[in-house]
Structure formats: C-alpha cells, structure tokens
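Undergrad: Number 149 in our numbering belongs to position 148 of the first sequence; there are no gaps in the numbering.
C-beta atoms are modelled at their ideal positions from N, C-alpha and C, and glycine is treated no differently.
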Amino acid sequence: MLDKFLKPYDATVTESRVYRAWEKSGLFNPDECVKLGVTNANAPVYSIVLPPPNVTGRLHMGHALMLAIEDIFIRYKRMRGFRTLWIPGTDHAAIATQSVVEKQIKKDEGVSRHDLGREELLKRIETFAAKSHDTIVSQIKTMGASLDWSREAFTLDESRSHAVRTAFKQMYDAGLIYRGLRIVNWDPKGQTTISDDEIVYEERTAKLYTFRYAKNIPISIATTRPETKVGDVAIAVHPDDTRYHAFIGKEYDTIFCDVPIHIKVIADKEVDPNFGTGAVGLTPAHSKVDWEIADRHELSHEVIVINEYAKMTVAGRLAGKKTAEARDLVVEWLASENLLEKTEDIKQNIATAERTGGIVEPMPKLQWFIEVNKEAPGRGETLKELMLRPVRSGIIKIIPEHFEKTYFHWVENLRDWCISRQIWYGHRIPVWYRGEEIVVGEAPKDTEWVQDEDSLDTWFSSSLWTFSTLGWPDHTQDFETYHPTDLLETGYDILFFWIARMILMTEFTLDTIPFKTVYLHGLVRDAHGRKMSKSLGNNLDPLDIAAKFGADAARMALVAGNTPGTDMRISEEKVKGYKHFANKIWNIARFILENTGGATPTASLTQGDAAIRSVFEALAREVTMDIEKYRVYLAAEKIYHYAWHELADKIIEESKPILTGNDAAAKVSRQALLLSLLDRTLRLLHPFMPFLTEEIYQSMPTKDAPFLMVAKWPIMDALE
RNA sequence: GCGCUCUUAGCUCAGUUGGUUAGAGCGUUCGCCUCACACGCGAAAGGUCGCAGGUUCGAAUCCUGCAGAGCGCACCA
2 MLDKFLKPYD
12 ATVTESRVYR
22 AWEKSGLFNP
32 DECVKLGVTN
42 ANAPVYSIVL
52 PPPNVTGRLH
62 MGHALMLAIE
72 DIFIRYKRMR
82 GFRTLWIPGT
92 DHAAIATQSV
102 VEKQIKKDEG
112 VSRHDLGREE
122 LLKRIETFAA
132 KSHDTIVSQI
142 KTMGASLDWS
152 REAFTLDESR
162 SHAVRTAFKQ
172 MYDAGLIYRG
182 LRIVNWDPKG
192 QTTISDDEIV
202 YEERTAKLYT
212 FRYAKNIPIS
222 IATTRPETKV
232 GDVAIAVHPD
242 DTRYHAFIGK
252 EYDTIFCDVP
262 IHIKVIADKE
272 VDPNFGTGAV
282 GLTPAHSKVD
292 WEIADRHELS
302 HEVIVINEYA
312 KMTVAGRLAG
322 KKTAEARDLV
332 VEWLASENLL
342 EKTEDIKQNI
352 ATAERTGGIV
362 EPMPKLQWFI
372 EVNKEAPGRG
382 ETLKELMLRP
392 VRSGIIKIIP
402 EHFEKTYFHW
412 VENLRDWCIS
422 RQIWYGHRIP
432 VWYRGEEIVV
442 GEAPKDTEWV
452 QDEDSLDTWF
462 SSSLWTFSTL
472 GWPDHTQDFE
482 TYHPTDLLET
492 GYDILFFWIA
502 RMILMTEFTL
512 DTIPFKTVYL
522 HGLVRDAHGR
532 KMSKSLGNNL
542 DPLDIAAKFG
552 ADAARMALVA
562 GNTPGTDMRI
572 SEEKVKGYKH
582 FANKIWNIAR
592 FILENTGGAT
602 PTASLTQGDA
612 AIRSVFEALA
622 REVTMDIEKY
632 RVYLAAEKIY
642 HYAWHELADK
652 IIEESKPILT
662 GNDAAAKVSR
672 QALLLSLLDR
682 TLRLLHPFMP
692 FLTEEIYQSM
702 PTKDAPFLMV
712 AKWPIMDALE
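1. Hey, would you say K170 sits closer than 8 Å to P431, going by beta carbons?
2. Let me know the secondary structure DSSP gives I261 once reduced to three states.
3. If you check the beta carbons only, do D233 and L283 fall under 8 Å apart?
4. Could you tell me how far apart the beta carbons of K230 and V331 are, in whole angstroms, since I believe they sit closer than 8 Å?
5. Look up R614 in the DSSP assignment and say whether it is helix, strand or coil.
6. Can you tell which of L505, T459, E449, G379 has its C-alpha closest to the C-alpha of L415?
7. Per DSSP, what are the beta-bridge partners of N55 in this structure?
8. Taking W87 as the reference, give the member of V138, A97, F74 with the closest Cα.
9. Going straight from the alpha carbon of A223 to that of N275, what length do you get?
10. Can you list, in chain order, the residues of its chain with a C-beta nearer than 8 Å to that of A604? Leave out the 5 residues immediately preceding and following it.
11. Whose C-beta lies closer than 6 Å to the C-beta of V165 among residues of the same chain, with five residues either side of it excluded?
12. Between which two residues does the alpha helix (DSSP H) carrying A175 extend?
13. In the structure shown, what three-state DSSP assignment does Y520 receive?
14. Under 8 Å between the Cβ atoms of S221 and E342?
15. Consider the C-beta atom of A444 and the heavy atoms of the ligand SAH; say whether any pair is separated by less than 7 Å.
16. Just to confirm my understanding: we take M172, look at its own chain, exclude 5 residues before and 5 after, and list those with CB closer than 6 Å. What are they?
17. By a C-beta neighbour count over all protein chains shown, 10 Å radius and 16 as the cutoff for buried, is S113 buried or exposed?
18. Would you say the stretch 127–146 touches the stretch 53–70, given that touching needs at least three Cβ pairs under 8 Å?
19. What does the Cβ neighbour count give for D475, buried or exposed, with the cut at 16 atoms within 10 Å?
20. Which class does T513 belong to by DSSP, given the choice of helix, strand or coil?
21. According to DSSP, simplified to helix, strand and coil, what is E338?
22. Helix or strand or just coil, what does DSSP make of V304?
23. If you run the structure through DSSP and keep just helix, strand and coil, what is R416?
24. Closer than 6 Å by C-beta to L322: which residues in its own chain qualify, once you throw out the five before and the five after it? Chain order, please.
25. Going by DSSP, what residue range makes up the alpha helix (DSSP H) through L674?
26. Going along the chain, which residues of its own chain have a beta-carbon closer than 6 Å to the beta-carbon of E721, five neighbours each way excluded?
27. Would a C-beta distance cut-off of 8 Å place A637 and S572 closer than the cut-off?
28. Cβ atoms of P53 and T211: under 8 Å apart, would you say?
29. Which runs of the beta strand (DSSP E) spanning at least 3 residues fall entirely within the stretch 386–472, listed in chain order?
30. Tell me whether S534 is buried or exposed, calling it buried when 16 or more other Cβ atoms sit within 10 Å of its Cβ.
31. In terms of residue numbering, what span does the beta strand (DSSP E) encompassing D487 cover?
32. Rounded to the nearest angstrom, what separates H298 and K216 at their Cα positions?
33. Run through DSSP, which three-state label would A44 get?
34. Residues in its own chain within less than 6 Å of D487 by CB, not counting five upstream and five downstream?
35. Okay, do the stretch 678–698 and the stretch 626–641 touch, 3+ Cβ pairs below 8 Å being the bar?
36. Spatial neighbours of A94 within its chain, please: C-beta separation below 7 Å, excluding the five flanking residues on both sides.
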C-alpha cells in the first residue's frame, strides 16, 4: 500500500505535479501521441481551437467553465483514440487592451496617449500584454487544460498578421471591402468608431422639446436634441399627413440661435405621424436615419455641427460648447424668442459605447466597411447569405438549438460592418497610399507610401481564428488535417461578435465552415445570481478556487448540472461539495487497493459480480452517449452518483463481509470486480476530474498506458 | 415594437425531447468518531411541477391563453 493514500487527498500539491508530468510527456500534442504509439496514425481527427482570452489581465470563472467543457471533450476524444488537437492562444483585444493600459497610464502618470505618441504607447501595451499573457497561460494550466502548447498562437503575431492581410486583400479584391463616407458610431470618449454591436443602449429619461425654428416657419417639430437643430436641412412629414400637405416643397431661411439654416419641407414615409408633432427636423450629418432620408431626397449631408470631441463647430453663442451645454443654450434661446411650445419627460434609449461608456455621437466619417448585401463574385450569394446557409442547412449545429433563431434574426438585420478603428493597438489597415495610388495587402517595397492610420476591429482577426491558427494562408499539413474544426465552445454573449463573423470569414475565404458544432455556455454568476464584476467585488478567481478546493472540484462544480445556454450560479459551497467528492474517490481507491493486494484483475467473475459489472457498463454507455450528445452536465452527475451511491455506498459495503469471509472463490471474484470497477470509473471520470483520476491511475495494478490521459475509454462499443 | 428563454422541495438546479410512487446538490432535523473516508456513515422531514384551459389511455414534458422574471434585437426624431 502506498503511503500517499494514508492522508486525505491534497489537490493543490498533486495537481501542479501531474500537469508538469503531462506537459513533459508531450502527449498534449497529437503528433507526439502518434510517435509514442498511443494513438493510431490513421485515427480520425478531432480538433478544437480555444477561444483566445483577451490579454487584458486575468481569467474569470467564465473562462474556467469554457476550459472545463472543452477539456472534457478533448480528453474524451483522446481516450477514444482520436488524433486530438486543442490549440491555445490569446487575443490582443485591440480596444479593450488599449483602454486598460491608457487608463492605467492616466492614473499613474496623468498623461494621455497623445502625450506619449503611437510608438511609446504601443511599447507600453506590448509589455502589459506580455505580462497578462503569462498570467493567463499559467491560469489555464492550473485548470488542467490539455492544450497543445507547441502550437500556441496570438491574434497579433506575425503568422496571424499575415493571415489578416491576406484575408483583407481577398475581400478587397472581391469588392466586398470598401472605403466610404458613412454615418458611423463615434465614441467621443474613446476617440474611435465602433460597430453597431459595441453599442449598449441605456434607458434614461430625457426632455422632449416641441418648438418652431422661427416665427415664419409654420411647422413645429419635437426633439430631445435641440442643439443639433443648427445642422438641420429639412423638415420631414409623412406623405399621408394632411396637416402638412400644403407645406411640402416649401423652403425657408432663418437664423437659428445665431446660425443661418435653410429648411425644406419634404414628405417621407419613414416619419411617424403619431410621434410628437408628426414633423421631424432632419439632421443628416448626425443621425443615421436622417442621413438615409436625406439621401432619398437629395439633400446635403455636409452640414456638420458637432466634432469628434462632441463640441459644437458652429459660430455664435454655441461655438466650442459641449453638446449638453449647447442644448441648454438653445432651449434658453428658444424660450426667449417665444418659440418653445412644450417641454415633456420621455423615456429614451441612449446609445453608449460598451468599452468607455461614452455617449455615441453619430457622424459622417470616411471609414472601411465590409459590405454584407452585395453578391460575392463567383459565389452567387451575398455575405449575409453565406452566413445563413450552413446554419439553415444544419451543416453547422448550434447548441442549444434555440440560439439558431437568434442567429438568423441577427444576420437578417445585419448592416455593413465598420471595420476601421482610430486606435493604435491592433492590426493596422493593410492599405498604403501614394497620391491617388493605392496598394492593398502587403507593404510596397519602394518609398513614399503612407499606410492608412487606422487599425482593424479586433473581431476581424478573431474571425480567422480557426484557420489562422493552423498556418493559413500557407497550405500547411495542420490546415489540411484539422480544418474545419469539430467544436467551437464559447459563451452565448459572443454569438454575434465572433461566431457569426467566423462563419462569414471562413465561408468567404475558404468556401467552407469553420466548425461543425457550436456549444454555447451561459454566464457564470455569483451565488445571488448577480453578474460577477470588479465593481461589485464578487469575482471568484479560478486560481483562488483551485488553490482552495482543487481544479478538479472547480471543474465539476462548473459543469455538473449546467445546461448549455443557461446562466449558472457558482459559490464556494458548491465547489466544496465536489472537493469532498474528490476525497471520496480517493478513499474508494484506498479501500480497493488495500483490499485487493496481489489479486488477479482478470479473474473470472461470479454470476452476481458479473451482474454488478453490467450495471457499470450500462452507466458507461449512458455517459458516453451523453457526452456524444453534448450533455456533459448530465454525464457528470451520473458518474458522481454512481461512484458515491453505488460503488461506495452499496458495492463496497456489500464487499466487506465477502472480503473477510471464507469463500475463496467469491473473494477472488469480488477483488477482480472491485479493481475493474475502480479502473473503469477512473477512466469514465477522467475527462471531468483529470488530476485526481490520473494520480490514482498511476498506482493501479491495471495501468496499461503511460498516463490515464491516453488510456482507453472504458467502453468502446457504446455508440449507436 | 419584434423575438428568445425561464417559472419544479427552504435555496440552486436536473428531468436525455409523453410512460410506473417527480430527482440531485446544498440546507434543515435526529442518531452515529462502525477498523476506506467526520472532506464521513445511517435515517427523516419537505413539491396541487406559476395559473387556467385543451390534446391524449397517460402531461412537469405537447398546444392555447394569462401572470411574473430575465435576455437579445430594433427604435420615436
């Protein structure tokens, strides 16, 4: 009997030692598995790419959940003999990382990025990112993730940058990436454009003002933003609104709060006759809808009255004022001119930037876009259709299924994707200018070319992740072997940001799918159901949890009973429960090893013992089917229940008199049964609790592989 | 406004897609340091499965309506 079983199971000591042994063996790498003969060279392939965590700091429990689920599938497939590849990596996360570092510098040194300059800021960010990367990698290892570190990637390294430039050029050449002057979402706080998906709407109460521009203009309008009215070019009414028929086509000139404006009355069906006065003042340069209406009526877009700092650019009393101040001044002026008719409170959804919280200011800017409604050359389909087809046809399966509806709804309403950002950290737009000339893709060799100042939305590089990590655009062996990947597992909150765009980019670039199945997990919340956040201080750190209860316990607590797509609550109490379970398994092993010394594991079983073993086999089949069908939440609970309440409570208890009794045949059979059940329970539990099971396996007389990690799954004929 | 999800034991959730007395963990109560384990063992209490209809031999499970909670998208200027 080994001394190690005499003490309660100590996860912290064991786990780091076991992970080092796995790493040293090289068996996370499928090529090594083949080389060492634990995997057949012709075995089928199974691959997952790790959703790369942002290098913005540390991992949270959501990451721990992601790692646990993916590692379960990877370990399961590896034990089933697949050539199994799980690729690690991290994401530069452009705007997120830059804003973290900028905030820190502002706090510590009181300077802005413009004080530092592009080069110096990038240097600082890279230092931060490198440190963050190291923290994250060690956290991932702590969780037991069996990732092939020899293939680690970073979204901003040279290989991935090459993929980004290549994909950009292909799309540009296909006419699907264009540069155009459009109304974009401008974040004055972050000083950059953001995509529609980076907007968070916040409900606030706002004042709705009803007034006329001037006494000689006979139509009253209503707005929550009087300050923008100095940029108006028209009044729009609904074509069927008889109140205003007489005025359609009329034009007026006036001075509005010191600013000369020219207003034309137009009819457009976009206008809701029941809101406000049924008449809208059109500000084409500062409203997406107004811009579109102005387009239809050939009105000018060019009256810009607000700049990038959300300050007024007009002359007169509003000059240089912030929009909020300007609003008060305009209202004051309206009142003094007797033009203000009504002020009322309404509820309004205000667009804010997800990262900075800044109020989004729509304004026209020359930016790069991906056009989603134009047919891709030679494909007969638009990018939108390319995104819909594989999910509609079922080639890509989303779990849980109801998210497919959400996906369709989003794609169908998708507008052109603004991919350029005015931040410095990220992939610089691969476009160079020299006078009227333009080069796209790789930097021209000769001089005098100037590269586009902007960088790409971070999701552009992430969207290539399943194949950029495999060496594309080079035709590598990895790319040929492992793409499309089998599973993409991530939180449902990035279904649009990431999943949708991966499908888009992969369909366009490779004419195939990036993955066969999408498994979406829910949010991990605290014990009270609140979202974990820094400001609430209710974050559970996976490292702390692993140190306290063991990574195995943390994994079980996160996975057991946690259905896909549903938010879950986690508490230390729950993790503690599974720490106890780990100790239970430890003691089951201790008992069985103590009582089967010198026994023959292959001895034939009595009829009764054979029946007990067939109960295990039924369970193993069920668990196998559950994993195959992505019901890991059920599989975990079933193994737990079997190990504790069947194996320990019943089988071991019933064995005690047999093992101390006089019936030698019964004893031999029972010893063989117990060894077999322990051996196979460890195998079944290994994907869920890899450390504990590996540690026990190393002391098993039934050990038949260098590591349990590459030992055979306990039941190989389980599939339908 | 459009769409999605949820409502099951005190709490957190399962219930494998209609089938015998509805399950788990935690918590509670009682009794046990029984020589694998007190990170444990034995026992017990606890549910009109949100409400109202319907389909069916049979419904927590399918359909309709209602109520409450949450989320996503769009958006009123």
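TA: With the given structure in hand:
1. The residue labelled residue 170 in the question sits at position 169 within the first sequence. The residue labelled residue 431 in the question sits at position 430 within the first sequence. Yes, these two residues count as a Cβ contact at 8 Å.
2. The residue given as residue 261 occupies position 260 in the first sequence. It is worth fixing the name first, because residue 261 is Pro in this sequence and not Ile. Strand.
3. Here residue 233 refers to the residue found at position 232 when the first sequence is read from its first residue. Here residue 283 refers to the residue found at position 282 when the first sequence is read from its first residue. Against a cut-off of 8 Å, the Cβ pair of L283 and D233 comes out as a contact.
4. The residue you call residue 230 lines up with position 229 of the first sequence. The residue you call residue 331 lines up with position 330 of the first sequence. That belief holds up - the Cβ atoms of K230 and V331 are roughly 7 Å apart, short of 8 Å.
5. Taking the first sequence and counting its residues from 1, one reaches residue 614 at position 613. Looking at R614 - three-state DSSP - the assignment turns out to be helix.
6. What you label residue 415 is simply residue 414 of the first sequence in a count that begins at 1. It is L505.
7. As a working note, residue 55 is residue 54 in the first sequence. Its beta-bridge partners are D92.
8. Translated into positions along the first sequence, residue 87 becomes position 86. The residue with the shortest Cα to Cα distance from W87 is F74.
9. Taking the first sequence and counting its residues from 1, the one referred to as residue 223 is at position 222. Taking the first sequence and counting its residues from 1, the one referred to as residue 275 is at position 274. Those two C-alpha atoms are separated by around 12 Å.
10. The residue labelled residue 604 in the question sits at position 603 within the first sequence. Here the set comprises V669, S670, Q672, A673.
11. Counted from its first residue, the first sequence places residue 165 at position 164. Correct list, in chain order: H428, S462.
12. The residue you call residue 175 lines up with position 174 of the first sequence. Element bounds for A175: n/a, residue is neither H nor E.
13. As a working mapping, residue 520 is identified with position 519 in the first sequence. Strand, per DSSP.
14. To locate residue 221, count along the first sequence from 1; it is residue 220. To locate residue 342, count along the first sequence from 1; it is residue 341. A contact, by the Cβ cut-off of 8 Å.
15. Judged by which ligands are present, the structure shown has none, so any question about the ligand SAH falls away.
16. Residue numbering aside, residue 172 sits at position 171 when the first sequence is read from its first letter. Excluding sequence neighbours, M172 sits near I178.
17. Counting from one through the first sequence, the residue named residue 113 turns up at place 112. Label assigned to S113: exposed.
18. yes
19. Position 474 of the first sequence, counted from the start, is the residue given in the question as residue 475. It counts as exposed.
20. In the first sequence, counting from the first residue as 1, residue 513 sits at position 512. Note: T513 maps to coil in three-state DSSP.
21. By 1-based counting over the first sequence, the position of residue 338 is 337. Reduced to three states, the DSSP call for E338 is coil.
22. Here residue 304 corresponds to residue number 303 of the first sequence, with the count starting at 1. If DSSP states are grouped into helix, strand and coil, V304 belongs with coil.
23. The count along the first sequence starts at 1 and reaches residue 416 at position 415. Note: R416 maps to coil in three-state DSSP.
24. The residue given as residue 322 occupies position 321 in the first sequence. It is worth fixing the name first, because residue 322 is Lys in this sequence and not Leu. These residues qualify, in order along the chain: M313.
25. Against the first sequence, residue 674 aligns to sequence position 673. Looking at the DSSP string, the run of the alpha helix (DSSP H) that includes L674 is 665–686.
26. By one-based count along the first sequence, residue 721 stands at place 720. Only weak support exists for where E721 lies, its pLDDT of 44 falling under 50; the value from the coordinates is given anyway. Correct list: empty, nothing qualifies.
27. Numbered from 1 along the first sequence, position 636 holds the residue referred to as residue 637. Numbered from 1 along the first sequence, position 571 holds the residue referred to as residue 572. No.
28. Position 210 of the first sequence, counted from the first residue, corresponds to residue 211. Position 52 of the first sequence, counted from the first residue, corresponds to residue 53. No, these two residues do not count as a Cβ contact at 8 Å.
29. 398–400, 432–435, 438–441
30. Start at 1 with the first residue of the first sequence, and residue 534 comes out as number 533. Looking at its Cβ environment, which holds fewer than 16 other Cβ atoms inside 10 Å, S534 is exposed.
31. For the purposes of this step, residue 487 is identified with residue 486 of the first sequence, where counting begins at 1. That run of the beta strand (DSSP E) goes 486–492.
32. For the purposes of this step, residue 298 is identified with residue 297 of the first sequence, where counting begins at 1. For the purposes of this step, residue 216 is identified with residue 215 of the first sequence, where counting begins at 1. Distance between the alpha carbons of H298 and K216: 25 Å.
33. In the first sequence, the residue the question calls residue 44 occupies position 43. The answer is coil: DSSP assigns A44 none of H, G, I, E or B.
34. Taking the first sequence and counting its residues from 1, one reaches residue 487 at position 486. Y47, S48, K517.
35. yes
36. Walking along the first sequence from the start, residue 94 turns up at place 93. Hits under 7 Å: N55, V56, T57, T459.
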